[in-house]
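Everything below concerns the one structure shown next.
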Amino acid sequence: MAIQRMDNVGIVVEDLAATVAFFTELGMELEGEAQIEGPWADQSVGLAGIRCDIAMMRVPGGPGRLELARYHTPAAIPADPQSPPPNTLGLHRVMFAVDDIADVIARLRPHGAELLGEVARFQDSYLLCYLRGPGGIIVALAQEIG
1 MAIQRMDNVG IVVEDLAATV AFFTELGMEL EGEAQIEGPW ADQSVGLAGI
51 RCDIAMMRVP GGPGRLELAR YHTPAAIPAD PQSPPPNTLG LHRVMFAVDD
101 IADVIARLRP HGAELLGEVA RFQDSYLLCY LRGPGGIIVA LAQEIG
């Protein structure tokens, strides 16, 4: 049996509206929102009494999706430290290919985006950068050049 596809990447957030606005400004589309609760949610996730709001964001015309979740119960557990560096073990960033890296950075700054370093050039292939968004989410951007 073969894997069919990677369906989505889940990110637990503190401020769902701000995070949706951030990824919308990046260029993703809001596919839908829902409240998740009930025995099936508890059973599949392995937590008791789940009640959370989710927003599904999709890449326009592509297969990539993010599931943003704001837990009401049980309460979300803060990361330690709150803003881990990029070399922390575990899932730490999501990368997007963009047309104009400078434009994307400028549009995301009003949504709280902060560059972690600077825009770097990799040979004659890419401009690359990491930035931190709402709740400490690290987003990497790559612009193909040449």
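For the sequence shown, the UniProt record's numbering begins at 1 and goes up steadily by one.
All C-beta atoms, glycine included, are put in the ideal place defined by N, C-alpha and C.
Whether R107 touches E29 by CB criterion (7 Å): E29 sits away from R107, with the two beta carbons spaced by 7 Å or more.
When E31, A142, D53 and E33 are compared against C129, the one with the closest alpha-carbon: A142
R109 versus E14: straight-line alpha-carbon distance, rounded: 19 Å
Those runs of the alpha helix (DSSP H) which lie wholly inside the UniProt domain "VOC" (5-144) and span at least 4 residues: 16-26, 39-45 and 101-108
Contact under 7 Å by Cβ, residue 202 with I101: The structure shown does not extend to residue 202, since the chain is modelled only from 1 to 146, so the question has no answer here.
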